Structure formats: C-alpha cells, structure tokens
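Below: the structure, in structure tokens.
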Amino acid sequence: MRPFGKECLLSILFELCVVLFIAAVTPLLIRYALLPTSVHHQYPLNVVFHTCDHDLHSVCSFPAATLEYEKNSLFSPNVAYYLNVRLKFADISNSKQLGLFQNVITITGENERILKQYTKTAYVKEPGLITKASRVFLFPLYFLGFFYDYSTLAIPMSADYLEKIDSPSTKLVFTVQDKFANIEEAELIVTARFGLIRHLLYYWPTTSYAAISLSFFAFGVFMIVAKLGYQEYSARAKSLIERDRLQITKSKGEKKTEKNEKNELIPAKRATEEIKRDVKKEIPDASEVRKRK
Numbered sequence: 005m006r007p008f009g010k011e012c013l014l015s016i017l018f019e020l021c022v023v024l025f026i027a028a029v030t031p032l033l034i035r036y037a038l039l040p041t042s043v044h045h046q047y048p049l050n051v052v053f054h055t056c057d058h059d060l061h062s063v064c065s066f067p068a069a070t071l072e073y074e075k076n077s078l079f080s081p082n083v084a085y086y087l088n089v090r091l092k093f094a095d096i097s098n099s100k101q102l103g104l105f106q107n108v109i110t111i112t113g114e115n116e117r118i119l120k121q122y123t124k125t126a127y128v129k130e131p132g133l134i135t136k137a138s139r140v141f142l143f144p145l146y147f148l149g150f151f152y153d154y155s156t157l158a159i160p161m162s163a164d165y166l167e168k169i170d171s172p173s174t175k176l177v178f179t180v181q182d183k184f185a186n187i188e189e190a191e192l193i194v195t196a197r198f199g200l201i202r203h204l205l206y207y208w209p210t211t212s213y214a215a216i217s218l219s220f221f222a223f224g225v226f227m228i229v230a231k232l233g234y235q236e237y238s239a240r241a242k243s244l245i246e247r248d249r250l251q252i253t254k255s256k257g258e259k260k261t262e263k264n265e266k267n268e269l270i271p272a273k274r275a276t277e278e279i280k281r282d283v284k285k286e287i288p289d290a291s292e293v294r295k296r297k
C-alpha cells in the first residue's frame, strides 16, 4: 500500500469534516421536512351560556366555547389530527345526576363557512371502587378541602380531521347540548396523527437524531474508504500497465538491436568472402606452378 502524503491526509481530513457536517445537519432537515409545524396543542376553552331575558337565573342556551386562531396555526395542511375535549364538571349534585348529553365541534373557515362538524354522545361515569374507597378512608381530607370530588370526562371527538391547503380553518366552536351541564373547566387537545417515522422523530428526538446522524456518518466514512480503495487500485493498475509497457518497449529495443547487428554482420561476411575470392584468383594453384616449371 502506498504511503499517504501530506496532501492526501489533508484531503481525507477535509472530507471527514464535510461528512461530519452533513451527518449533523441532515437529521434537522429531515425533521423540518417531515414534521408538521403544528403537532400538539392544549387550549383552555371558556365555556359560557346565555341567560334568559325573563329570568336571569335560567339558562336559555347550550354551554359553548369559541376558539379563534390564525390560518395554519392550529392545524397543518394535509395532516390528520386527533380532536379530544376534556371536561371537568362542577362539584355539585346536578353533575352527578347528568345523563346522556351530546357534544358538538364545528370547524369553520373564512366567511363563516362550515368545513367540518363532529358530534359525540357522552355521559358522566360513576366513580369506581377505588375512588369510592378513597373517599371513605380519606373523608377527613375531603372535608378539610385537601381533595376535591371533581367529575372529569375525556371525549374523543375525532381521529381523522384533515385540513386542506386551499381551505384553512380560522375558528372552532365547542357546544355541550345540555343546558344543565355545569362545566367548570374545559380543554381542547389537538394532536397530530403520525406514522412510525414521524412518531419516532417527534417523540424520540434524541434517539432518532443520533440514529440518523450515525447512519449518515457511517455511510460517508464508507464512501471515503471506497474512494481511497479505488484510488489505490487505479494506482496499482496504472503501475502494472506502465511496467508492462516498459518491458514491451525494452524487448522491442533488444530485438531491434539484434536485427541491426545481424544486418551489420552480413555485409562484413560478404566482404570477407569477396576478399578470399580475390586472393584465390591472385594466387595460382600448385598444378599451374608445376606446369610453368
């Protein structure tokens, strides 16, 4: 493996910083893209009623509460919501004798146009055995005012309210259709209905942030290692190709040198043979010498 130079180490350090920055920012961007702006709200409802003109002690209207808000402040578009109402009845005998009553939520938009209306029937349940036992054994505390015998009721009004982007709501009206319902406090609970991913992002923010950040960091480190491996592989392949090219060039040069040497030897051999023939011509044979004698 090739040793890393200073430039290579600086490049790796810079890439790790970029990966760390991406791993830190990506979970925030995912939360911003997936989670709606309005997730969970709890608003107190001021339940009021109208008295009769002829008898101010009489109730001539249903108890109702009105909640006005800005567009897209209570509900985000294209997100399903749970609508729940929690009622606390006054600690009087009439509340215990209250039978079935109907609850109505009316959601309106601009120009008082009704967008959605939900109705739900409910009743005040009898206290359980544990509650009755606590009232008996802790009667002195109830008598001294340390505990109160409030009758509370949670009413699920809807589980799929969906607001469209082109028709946002601006007002919500809650009505209890029973004039004898003595409501001391009321509260509207609005909760976005999430799938698994949004649920983890909102209700487990630290865990989801750490999981997403570590996943992106691990992927970035893997890409850096893969890049270094590819560069090492390319360098080795290039070195092998260069070595093969040099060997081929060297072998071609040796062959060319041998060929040149052969080409140089042929004329010399021919010249030697011609010299020998000339010498033979100049020197007479032994038979000719004898004849001359």
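According to the numbering used here, the stretch in the sequence shown is residues 5 to 297, in order.
Each residue gets a CB set at the ideal place from its N, CA and C atoms; glycine is no exception.
On a predicted model such as this, the values are computed, not experimentally measured, just so you know.
Checklist line | Beta-carbon proximity list for THR156, same chain, < 8 Å, skipping 5 on both sides | finding: Position 152 of the sequence shown, counted from the start, is the residue given in the question as residue 156. For THR156, where only same-chain residues beyond five positions count, the Cβ hits under 8 Å are ARG90, LEU91, LYS92, PHE93.
Next item on the list: In the DSSP assignment, find the alpha helix (DSSP H) that holds ALA28 and state where it starts and stops.
Entry: Reading the sequence shown from its first residue, position 24 is the one you call residue 28. ALA28 -> alpha helix (DSSP H) spans 10-38.
Item checked: Beta-carbon proximity list for ILE193, same chain, < 6 Å, skipping 5 on both sides -> Residue 193 sits at position 189 when you count from the first residue of the sequence shown. Within the same chain, ILE193 has close Cβ partners GLN46, ASN88.
Checklist line | Contact check, TYR73 vs THR195, beta carbons under 7 Å | finding: Numbered from its first residue, the sequence shown carries residue 73 at position 69. Numbered from its first residue, the sequence shown carries residue 195 at position 191. Not a contact, by the Cβ cut-off of 7 Å.
Notebook entry, point to check: What is the C-beta distance between ALA69 and PHE178, in whole angstroms, given that I count them as a contact (C-beta under 8 Å)?
Noted result: In the sequence shown, residue 69 corresponds to position 65, counting from 1. In the sequence shown, residue 178 corresponds to position 174, counting from 1. The Cβ separation is near 5 Å, so the contact holds.
Margin query: With DSSP as the reference, identify every bridge partner of VAL194, one or two as the case may be.
Written below: In the sequence shown, the residue the question calls residue 194 occupies position 190. Listed as beta-bridge partners of VAL194 by DSSP are HIS45, LEU87.
Note to self: Pull the bridge partners of PRO209 from the DSSP assignment, please.
What the structure shows: Working through the sequence shown from its first residue, we reach residue 209 at position 205. Its beta-bridge partners do not exist; DSSP assigns none.
Check: Just the Cα atoms here: how many angstroms apart are SER171 and GLY113?
Finding: If you number the sequence shown from 1, residue 171 lands on position 167. If you number the sequence shown from 1, residue 113 lands on position 109. Cα to Cα, SER171 sits roughly 7 Å from GLY113.
Margin query: Within a Cβ cutoff of 7 Å, which residues of the same chain sit near GLN181, ignoring the five residues on either side of it in sequence?
Written below: Residue numbering aside, residue 181 sits at position 177 when the sequence shown is read from its first letter. Around GLN181: PHE66, PHE105, GLN106, VAL108.
Check: Tell me, which residues are paired with SER217 by DSSP?
Finding: On the sequence shown, position 213 is the one that residue 217 refers to. Beta-bridge pairing links SER217 to no other residue.
Notebook entry, point to check: What is the rounded straight-line gap between the Cα of SER80 and the Cα of LYS175?
Noted result: As a working note, residue 80 is residue 76 in the sequence shown. As a working note, residue 175 is residue 171 in the sequence shown. Distance between the alpha carbons of SER80 and LYS175 is about 14 Å.
Check: With a cut-off of 8 Å, do at least 3 Cβ pairs link the stretch 36-43 to the stretch 201-214?
Finding: In this structure the stretch 36-43 touches the stretch 201-214; the number of beta carbon pairs closer than 8 Å is three or more.
Item checked: Per-residue burial, CYS12 [other beta carbons within 10 Å of its own, 16 or more giving buried] -> If you number the sequence shown from 1, residue 12 lands on position 8. CYS12 should be labelled exposed.
Notebook entry, point to check: Whole-angstrom Cβ separation of ILE201 and LEU14, contact assumed at under 8 Å?
Noted result: Within the sequence shown, the letter at position 197 stands for residue 201. Within the sequence shown, the letter at position 10 stands for residue 14. 38 Å between Cβ atoms; not a contact.
Margin query: Quick check: what's the CA-CA separation for GLY224 versus GLY233?
Written below: Against the sequence shown, residue 224 aligns to sequence position 220. Against the sequence shown, residue 233 aligns to sequence position 229. For GLY224 and GLY233, the distance between alpha carbons rounds to 14 Å.
Checklist line | Where GLU188 falls: helix, strand or coil (DSSP) | finding: Looking up residue 188 in the sequence shown gives position 184. Here GLU188 sits in strand by DSSP.
Next item on the list: Note down the Cα distance separating ILE252 from ILE245, rounded to an integer number of angstroms.
Entry: Residue mapping note: residue 252 aligns to position 248 of the sequence shown, counting from 1. Residue mapping note: residue 245 aligns to position 241 of the sequence shown, counting from 1. C-alpha separation (whole angstroms): 10 Å.
Check: So what does DSSP say about VAL229, is it helix, strand or coil?
Finding: Taking the sequence shown and counting its residues from 1, one reaches residue 229 at position 225. DSSP places VAL229 within a helical segment (H, G or I) once states are collapsed to three.
Check: Between LEU119 and SER77, is the Cβ-Cβ spacing less than 7 Å?
Finding: Along the sequence shown, read from residue 1 onward, the residue named residue 119 stands at position 115. Along the sequence shown, read from residue 1 onward, the residue named residue 77 stands at position 73. Taking 7 Å as the Cβ cut-off, LEU119 and SER77 do not qualify as a contacting pair.
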